[in-house]
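Residue numbers (the working numbering): 1167 to 1306. What follows is a short report on a single structure.
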């Protein structure tokens, strides 16, 4: 297909303006290929993970030699709870997408691939939930 004719003849535009609002057309996102969506989610989650990883590394180096009480005190402050929860969620989301790509490339049998992906996604939901619940129930 000619890309110029495709975009000029079809109504699949990613953004359109209505007044002062910028809307994203659902039609464009829903008609995307599944691998394109996965690629976009990988890129967005990695872009979000970069500042969260920097925050985590800086704070980990500051509490590395601390005693247990100082570490618990760090994780009981609300900003640390929220940022660490976001870090855990996006880390598991990113790793699940990456590992599912490996499954897609190297597992040929469809049933085994589906079971492996479903188990991976369940793990990627349950483990962050358990971690976040433990962090939010942490007391001095």
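Backbone N, C-alpha and C define an ideal beta-carbon position, used for all residues, glycine too. Nothing here was measured: the structure is a model prediction, and the numbers come from that model.
1) Leaving out five residues on either side along the sequence, give the residues of the same chain with a beta carbon under 7 Å from the beta carbon of residue 1257.
2) Would you kindly report the start and end of the unbroken alpha helix (DSSP H) that includes residue 1272?
3) Are the CB atoms of residue 1218 and residue 1253 nearer to each other than 8 Å?
4) Beta carbon of residue 1241, beta carbon of residue 1301: below 8 Å?
5) Just curious, the alpha helix (DSSP H) that residue 1232 is in, first and last residue?
6) Mind the definition here: the stretch 1261-1274 touches the stretch 1225-1233 only if three or more C-beta pairs lie below 8 Å; say whether that holds.
7) In whole angstroms, give me the CA-to-CA distance for residue 1208 and residue 1272.
8) Quick check on residue 1295: buried or exposed, where buried means 16 or more other Cβ atoms within 10 Å of its Cβ?
9) Output the boundary residues of the alpha helix (DSSP H) element that contains residue 1280.
10) Would you report the Cα separation of residue 1283 and residue 1276, rounded to the nearest angstrom?
Checking against the coordinates, here is how it stands:
1) For the purposes of this step, residue 1257 is taken as the residue at position 91 of the chain shown. Closer than 7 Å at Cβ, skipping near neighbours: 1215.
2) For the purposes of this step, residue 1272 is taken as residue 106 along the chain shown, with counting starting at 1. Counting along the chain, the alpha helix (DSSP H) containing residue 1272 begins and ends at 1244-1272.
3) Mapped onto the chain shown, residue 1218 falls at position 52. Mapped onto the chain shown, residue 1253 falls at position 87. For residue 1218 and residue 1253, yes; Cβs fall inside 8 Å.
4) Here residue 1241 corresponds to residue number 75 of the chain shown, with the count starting at 1. Here residue 1301 corresponds to residue number 135 of the chain shown, with the count starting at 1. Cβ distance < 8 Å, so residue 1241 and residue 1301 count as in contact.
5) Here residue 1232 refers to the residue found at position 66 of the chain shown. Where residue 1232 is concerned, there is no enclosing alpha helix (DSSP H), given that its DSSP letter is neither H nor E.
6) no
7) One-based indexing of the chain shown puts residue 1208 at position 42. One-based indexing of the chain shown puts residue 1272 at position 106. Each residue's alpha carbon lies about 19 Å from the other.
8) Translated into positions along the chain shown, residue 1295 becomes position 129. By the 10 Å Cβ count, residue 1295 comes out exposed.
9) Taking the chain shown and counting its residues from 1, one reaches residue 1280 at position 114. Note, residue 1280: alpha helix (DSSP H), 1276-1302.
10) Taking the chain shown and counting its residues from 1, one reaches residue 1283 at position 117. Taking the chain shown and counting its residues from 1, one reaches residue 1276 at position 110. One C-alpha to the other measures close to 10 Å.
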